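Q: Residue numbers (this note's numbering): 5 to 265.
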């Protein structure tokens, strides 16, 4: 499958340009481009997304914008939930799994489009979020803060194992709602969570993964992340978000058609 590096390149570039949630297109690209099922594509997509997210997280750590204690707590909860998602994915019929994935993808597309058009605010924060930073820029840890972050991680981890998605489309809005972090720090912390949770899911499914498909796809994703970061500052904006939303919606419709026909 000589197109695998190209498909991976597209995923990595989309992640760099649109943020952590862009990796949700990894599985559909594998389903259509490599002709494999959602359950088989999930761990491969996670490997690619996880590698690209790791690069983004490392750069965020160097810039000092990753809240690593919060990322570790969220990832720990996600790591515990991810095997449940993997267990379910192996037992649900591929057609039903594909339909569920398409609904999630369509939700991401609609939400992204609404944000780009200004119909909803890009940041939906609580007036008094449970996780607030102190004078040193670190969170003041409370039981409410820990519960909120752990719950978000559990949901992201379950979807990570079930659908092979990094969970950025869950983590980014969750961090916006329950913390007072700036958007740049939200994305960087989300990438750190994705890297950690993806690693646990990939390790759990390593024995059954098709490495002949996984390695070239993941290599392409890593290259795409590097290339995308070079131009992201020039291209980021509402038009790019609308483009991503349109592609995601088309892919969602295609997955529904593939599942039904």
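The beta-carbon is built from N, C-alpha and C at its ideal position, and this holds for glycine as well.
Since this is a predicted model, take the numbers as computed values, not measurements.
Figure out for me which residue from 122, 55 and 153 has the closest Cα to the Cα of residue 133.
A: The residue with the shortest Cα to Cα distance from residue 133 is 153.
Q: Roughly how many angstroms lie between the CA atoms of residue 83 and residue 123, to the nearest whole one?
A: When rounded, the distance between both Cα atoms is 34 Å.
Q: CA-CA distance, residue 150 and residue 222?
A: Approximately 33 Å, taken between the alpha carbons.
Q: Could you give the distance in angstroms between the alpha-carbon of residue 148 and the alpha-carbon of residue 141?
A: Spanning the two alpha carbons is a distance of roughly 18 Å.
Q: Thinking C-beta only, is residue 199 closer than 8 Å to residue 57?
A: Yes; because the gap between Cβ atoms is below 8 Å, this pair is in contact.
Q: Measuring CA to CA, which of 121, 213, 99 and 77 is closest to residue 246?
A: Answer by Cα proximity: 121.
Q: So what does residue 143 bridge to, in DSSP terms?
A: DSSP, once it has assigned bridges, lists 137 as partnering residue 143.
Q: Have a look at residue 180 and residue 95 and give me their C-alpha separation to the nearest angstrom.
A: So the alpha carbons of these two residues sit roughly 34 Å apart.
Q: Pick out whichever of 185, 46, 160 and 113 has its Cα sitting closest to the Cα of residue 72.
A: Here the closest residue by C-alpha is 185.
Q: To the nearest angstrom, report how far apart residue 216 and residue 78 are at their CA atoms.
A: Cα to Cα, residue 216 sits roughly 31 Å from residue 78.
Q: Is there a C-beta anywhere in chain C that falls below 8 Å from the one on residue 36?
A: Of the protein chains in the structure, only one exists, and it is not chain C.
Q: First and last residue of the alpha helix (DSSP H) that includes residue 98?
A: From DSSP, the alpha helix (DSSP H) with residue 98 extends over 98-120.
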